[in-house]
Amino acid sequence: MNRRTLLKAFSAGTLGAAAQLPARAQTALRGLPPLTVRDVRVILTAPNGIRLVVVKVETSEPGLYGLGCATFTQRAFAVATAVQEYLRPFLIGKDAGRIEDVWQSSFVSSYWRNGPVLNNAMSGVDMALWDIQGKRANMPVYQLLGGKCRESADVYAHASGRDFQEVADNVRKAMEQGYRYVRAQVAVPGQSTYGARGAGATPSQPGQSARPRAAWEPATYVRLAPKLFEFLRAKLGEEVELLHDVHERVTLPQAVRLCKDLEPYRLFFLEDPLPPEEIDHFRIIRQQCSTPLATGELFNNPHEFVPLISNRLIDFIRIHISQIGGLSPARKVAALGEYFGVRTAWHGPGDVSPVGHAANLALDLACYNFGIQECTGFGANTREVFPGCPEIRDGAMWAGDAPGLGVDLDEKLAAKFPAPPVRGDDGWGSTRRRDGTVIRP
Ligand code: MG
Numbered sequence: 000m001n002r003r004t005l006l007k008a009f010s011a012g013t014l015g016a017a018a019q020l021p022a023r024a025q026t027a028l029r030g031l032p033p034l035t036v037r038d039v040r041v042i043l044t045a046p047n048g049i050r051l052v053v054v055k056v057e058t059s060e061p062g063l064y065g066l067g068c069a070t071f072t073q074r075a076f077a078v079a080t081a082v083q084e085y086l087r088p089f090l091i092g093k094d095a096g097r098i099e100d101v102w103q104s105s106f107v108s109s110y111w112r113n114g115p116v117l118n119n120a121m122s123g124v125d126m127a128l129w130d131i132q133g134k135r136a137n138m139p140v141y142q143l144l145g146g147k148c149r150e151s152a153d154v155y156a157h158a159s160g161r162d163f164q165e166v167a168d169n170v171r172k173a174m175e176q177g178y179r180y181v182r183a184q185v186a187v188p189g190q191s192t193y194g195a196r197g198a199g200a201t202p203s204q205p206g207q208s209a210r211p212r213a214a215w216e217p218a219t220y221v222r223l224a225p226k227l228f229e230f231l232r233a234k235l236g237e238e239v240e241l242l243h244d245v246h247e248r249v250t251l252p253q254a255v256r257l258c259k260d261l262e263p264y265r266l267f268f269l270e271d272p273l274p275p276e277e278i279d280h281f282r283i284i285r286q287q288c289s290t291p292l293a294t295g296e297l298f299n300n301p302h303e304f305v306p307l308i309s310n311r312l313i314d315f316i317r318i319h320i321s322q323i324g325g326l327s328p329a330r331k332v333a334a335l336g337e338y339f340g341v342r343t344a345w346h347g348p349g350d351v352s353p354v355g356h357a358a359n360l361a362l363d364l365a366c367y368n369f370g371i372q373e374c375t376g377f378g379a380n381t382r383e384v385f386p387g388c389p390e391i392r393d394g395a396m397w398a399g400d401a402p403g404l405g406v407d408l409d410e411k412l413a414a415k416f417p418a419p420p421v422r423g424d425d426g427w428g429s430t431r432r433r434d435g436t437v438i439r440p
């Protein structure tokens with residue numbers, strides 16, 4: 000069937016019939032040559048010591064490829080297997096322009112779904128297809144998503160310290176570098192604190208099979224954290240926006256108490272006062288205080304975030320976008336949030352590749368309900384391995400106008416930084432209470 004006949008089908012209202020046509024005929028309708036997936040490859044690299052997983056989708060057009068982030072650093076090799084052994088054969092020959100269809104069909108291709116390994120594998124492919132679509136259209140991905148709502152995305156810096164004064168000094172350093180938003184964490188003396196190394200936290204030693212750690216007792220922390228923010232407000236004033244991550248480690252009554260005690264210090268947000276297994280409890284906190292709540296970096300499944308957003312129980316959604324399957328589902332989460340007053344704060348630690356950061360940034364620029372972006376910057380090796388890394392200046396992340404996601408990967412250089420092998424003690428699950436009970440996380 001030629002292009003003219005197809006256009007006739009359109010005007011006759013038989014679009015449904017056209018939708019059944021082979022990919023070659025469909026693309027002819029758009030006046031574009033057919034573009035299919037020729038190969039799907041995984042590149043594992045660790046230029047900054049953290050395992051990154053990047054998927055490269057090659058197309059039938061010579062030289063046209065896309066990159067996507069599939070980084071689940073704790074299970075990097077499992078994601079690589081999911082891509083190579085399962086998604087690759089499923090996707091070769093498929094229409095590279097049908098991003099949504101590829102996502103939906105991959106989603107059910109293993110029957111069991113919504114798990115972090117498959118979601119990350121799908122994210123690698125999904126972002127790569129958006130990258131390809133942008134390159135093909137000669138547009139940055141944020142343009143495909145509707146264009147810029149803002150010029151750049153404000154980023155928050157991380158500041159920590161062994162005591163209040165050291166935290167204040169580090170927040171001030173970040174402010175002097177242009178950051179207007181800073182996350183502050185202080186060590187609980189003698190304890191293994193999240194986000195700040197204290198006197199009692201022992202760093203891991205090479206060759207150790209079990210990392211000796213200090214214990215963690217949440218009651219001490221819950222009493223200490225409000226005093227930190229009282230100190231910071233007294234030292235730094237009201238202008239800087241302060242953030243804090245509880246990292247789940249407290250009970251529900253402690254979380255409620257902490258959120259209330261922090262109210263006077265006007266946090267930009269308090270993150271993860273509860274673990275994802277207790278999302279219903281956000282309602283209890285919500286009814287009692289006005290501290291803005293952020294959560295979601297551990298979410299994999301829509302059943303985790305849809306109720307929190309649609310019931311207006313949180314203020315910021317912190318999803319790690321490769322963990323829910325990539326840019327396609329994340330833009331739907333952003334759109335859902337817009338209608339319920341929930342702003343985006345995509346998770347952006349060191350275990351997101353620059354390709355993933357570029358995807359975060361595309362959403363930050365194009366979504367009206369952007370809140371804040373986490374990014375701690377890129378090391379020199381990372382910037383060399385990934386030419387086109389987003390730029391961070393004046394406390395914000397900036398995108399260029401290169402087509403696609405704008406980030407490339409030097410595979411030869413990446414091979415010089417192989418992903419480190421897995422050790423027994425380099426994941427989570429090692430922090431325990433004084434009596435030996437493991438905590439989350
Ligand atoms: Mg966090």
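For what it's worth, numbering that gives the first Met the number 0 labels the leading residue of the sequence shown as 0, then goes sequentially.
Glycine included, C-beta positions come from ideal geometry on N, C-alpha and C.
In this text, all values refer to a predicted model and were calculated from it rather than measured experimentally.
Are the C-beta atoms of Asn310 and some chain D residue less than 8 angstroms apart?
No chain D appears in this structure, which consists of one protein chain only.
Enumerate in chain order the residues of its own chain whose CB-to-CB distance from Asn310 is below 6 angstroms, with the five nearest sequence positions on each side excluded.
Counting from one through the sequence shown, the residue named residue 310 turns up at place 311. For Asn310, where only same-chain residues beyond five positions count, there are no Cβ hits under 6 angstroms.
According to DSSP, is Arg433 helix, strand or coil?
As a first step, residue 433 is located in the sequence shown; it is residue number 434 there, counting from the start. Reduced to three states, the DSSP call for Arg433 is coil.
Completely contained alpha helix (DSSP H) runs for the stretch 286-363, where each covers 4 or more residues:
Taking only runs of at least 4 residues, the alpha helix (DSSP H) segments lying wholly in the stretch 286-363 are 301-309 and 326-338.
Tell me whether Glu303, by its Cβ, gets closer than 7 angstroms to a heavy atom of the ligand MG.
To locate residue 303, count along the sequence shown from 1; it is residue 304. Not under cutoff, so the answer is no.
Measure the beta-carbon distance from Cys388 to Thr381 and round it to whole angstroms, keeping in mind my assumption that it falls under 8 angstroms.
Translated into the one-based positions of the sequence shown, residue 388 becomes position 389. Translated into the one-based positions of the sequence shown, residue 381 becomes position 382. Yes, Cys388 and Thr381 are in contact; Cβ-Cβ is about 7 angstroms, under 8 angstroms.
Would you say the beta carbon of His246 comes nearer than 7 angstroms to a heavy atom of the ligand MG?
Counted from its first residue, the sequence shown places residue 246 at position 247. True, at least one ligand heavy atom lies under 7 angstroms from that Cβ.
Check the C-beta distance from Ala441 over to Val181 and give it rounded, since I have them as a contact under 8 angstroms.
Residue 441 falls outside the range modelled here, since the chain spans only 0 to 440, and no answer is possible.
Would you mind stating whether Arg433 and Glu216 have Cβ atoms separated by less than 8 angstroms?
The sequence position of residue 433 within the sequence shown is 434, counting from 1. The sequence position of residue 216 within the sequence shown is 217, counting from 1. In contact: Arg433 and Glu216 (Cβ atoms closer than 8 angstroms).
Evaluate His243 with the Cβ neighbour count: other Cβ atoms within 10 Å of its Cβ, from every protein chain shown; 16 or more gives buried, anything less gives exposed.
Counting from 1 along the sequence shown, the entry for residue 243 is found at position 244. Counting Cβ neighbours within 10 Å, His243 comes out buried, since at least 16 surround it.
Cys258 in three-state terms, based on DSSP:
Against the sequence shown, residue 258 aligns to sequence position 259. Correct three-state label for Cys258: helix.
With C-beta atoms as the reference, is Asn368 less than 8 angstroms away from Ala333?
As a working mapping, residue 368 is identified with position 369 in the sequence shown. As a working mapping, residue 333 is identified with position 334 in the sequence shown. Remark: C-beta atoms of Asn368 and Ala333 approach each other more closely than 8 angstroms.
Output the boundary residues of the alpha helix (DSSP H) element that contains Leu404.
Here residue 404 corresponds to residue number 405 of the sequence shown, with the count starting at 1. Membership of Leu404 in any alpha helix (DSSP H) is not indicated, and neither H nor E is assigned to it by DSSP.
Any non-hydrogen atom of the ligand MG closer than 7 angstroms to Asp350 Cβ:
Taking the first residue of the sequence shown as 1, we reach residue 350 at position 351. Every heavy atom of the ligand MG is 7 angstroms or more from the Cβ of Asp350, so no.
According to DSSP, is Trp129 helix, strand or coil?
For the purposes of this step, residue 129 is taken as residue 130 along the sequence shown, with counting starting at 1. Three-state DSSP puts Trp129 in a helix.
C-beta contact flag for Ile318 and Ala329 at 8 angstroms:
For the purposes of this step, residue 318 is identified with residue 319 of the sequence shown, where counting begins at 1. For the purposes of this step, residue 329 is identified with residue 330 of the sequence shown, where counting begins at 1. In terms of Cβ geometry, Ile318 and Ala329 form a close pair [threshold 8 angstroms].
Collapsed DSSP secondary structure at Glu216 in the structure displayed
Position 217 of the sequence shown, counting from 1, holds the residue named residue 216. The three-state secondary structure of Glu216, taken from DSSP, is coil.
What did DSSP end up calling Ser105 once you bin it into helix, strand or coil?
Counted from its first residue, the sequence shown places residue 105 at position 106. Helix at Ser105.
For Gly378, collect the residues of the same chain with a Cβ closer than 8 angstroms to its Cβ; drop the 5 residues on either side in sequence, then sort them by chain order.
Sequence index remark: in the sequence shown, residue 378 carries index 379 (1-based). Leaving aside the five residues that flank Gly378 on each side, the residues in its chain whose CB is nearer than 8 angstroms to its CB run, in chain order, Pro46 and Asn47.
By how many angstroms is the C-alpha of Gln253 removed from the C-alpha of Gly435?
Working through the sequence shown from its first residue, we reach residue 435 at position 436. Working through the sequence shown from its first residue, we reach residue 253 at position 254. Per the coordinates, the alpha-carbon of Gly435 lies some 20 angstroms from the alpha-carbon of Gln253.
Rounded to whole angstroms, how far is the Cβ of Leu241 from the Cβ of Tyr264, which I believe are closer than 8 angstroms?
Mapped onto the sequence shown, residue 241 falls at position 242. Mapped onto the sequence shown, residue 264 falls at position 265. Confirmed, about 7 angstroms.
Whole-angstrom Cβ separation of Ser289 and Ile98, contact assumed at under 8 angstroms?
Sequence index remark: in the sequence shown, residue 289 carries index 290 (1-based). Sequence index remark: in the sequence shown, residue 98 carries index 99 (1-based). Incorrect: roughly 40 angstroms between the Cβ atoms, too far for contact.
Go through its chain and collect everything with a Cβ distance to Gly146's Cβ below 7 angstroms, but skip five positions before and after it.
To locate residue 146, count along the sequence shown from 1; it is residue 147. Counting only Cβ-Cβ distances below 7 angstroms, and skipping sequence neighbours, we find Ala365.
With H, G and I counted as helix, E and B as strand and the rest as coil, what does DSSP make of Ser222?
Within the sequence shown, the letter at position 223 stands for residue 222. The displayed chain sequence assigns Arg, not Ser, to residue 222. Helix.
Whether or not the stretch 121-130 and the stretch 333-342 are in contact is what I'm after, with contact meaning three or more pairs of Cβ atoms, one per stretch, closer than 8 angstroms; do they touch?
Judged by Cβ distances under 8 angstroms, the stretch 333-342 makes no contact with the stretch 121-130, as fewer than three pairs qualify.
On the DSSP letters alone, give me the boundaries of the alpha helix (DSSP H) that Met483 sits inside.
Since the first residue of the chain shown is 0 and the last is 440, residue 483 is not available in this structure.
What residue range does the beta strand (DSSP E) around Lys55 cover?
The residue you call residue 55 lines up with position 56 of the sequence shown. Leu51 to Thr58 is the extent of the beta strand (DSSP E) around Lys55.
Give a single yes or no on whether Glu390 has its beta carbon closer than 7 angstroms to a heavy atom of the ligand MG.
What you label residue 390 is simply residue 391 of the sequence shown in a count that begins at 1. It does not: the Cβ of Glu390 is nowhere closer than 7 angstroms to a heavy atom of the ligand MG.
Which same chain residues, not among the five before or five after Gly376, have their C-beta less than 7 angstroms away from its C-beta?
In the sequence shown, counting from the first residue as 1, residue 376 sits at position 377. Contacts found: Ile391.
Suppose the cutoff is 7 angstroms on Cβ atoms and the five residues either side in sequence are ignored; what does the same chain contact list for Val406 look like?
In the sequence shown, the residue the question calls residue 406 occupies position 407. So the qualifying residues of the chain are Leu66, Pro353, Val354, Ala357, Phe385, Gly387 and Cys388.
Separation of Gln322 from Val305, as counted between CA atoms:
Numbered from its first residue, the sequence shown carries residue 305 at position 306. Numbered from its first residue, the sequence shown carries residue 322 at position 323. Val305 and Gln322 have their C-alpha atoms some 15 angstroms from each other.
If I measure Cβ to Cβ from Gln73 and keep anything under 7 angstroms in the same chain, skipping five residues before and after, which residues do I get?
The residue labelled residue 73 in the question sits at position 74 within the sequence shown. Counting only Cβ-Cβ distances below 7 angstroms, and skipping sequence neighbours, we find Gly426.
Inter-residue spacing [alpha-carbon to alpha-carbon] between Pro33 and Ile91:
Position 34 of the sequence shown holds residue 33. Position 92 of the sequence shown holds residue 91. Annotation: Pro33 to Ile91 spans about 14 angstroms, alpha carbon to alpha carbon.
Figure out for me which residue from Leu269, Pro115, Phe267 and Leu412 has the closest Cα to the Cα of Ala79.
Stepping through the sequence shown from its first residue, residue 79 is reached at position 80. Of the listed residues, the one whose Cα sits closest to Ala79 is Pro115.
Same chain, Cβ closer than 7 angstroms to Leu117, neighbours up to 5 away in sequence not counted
Within the sequence shown, the letter at position 118 stands for residue 117. For Leu117, where only same-chain residues beyond five positions count, the Cβ hits under 7 angstroms are Ala81 and Ser109.
Per DSSP, Thr44 forms a beta bridge with which residues?
As a first step, residue 44 is located in the sequence shown; it is residue number 45 there, counting from the start. Leu51, per the DSSP bridge assignment.
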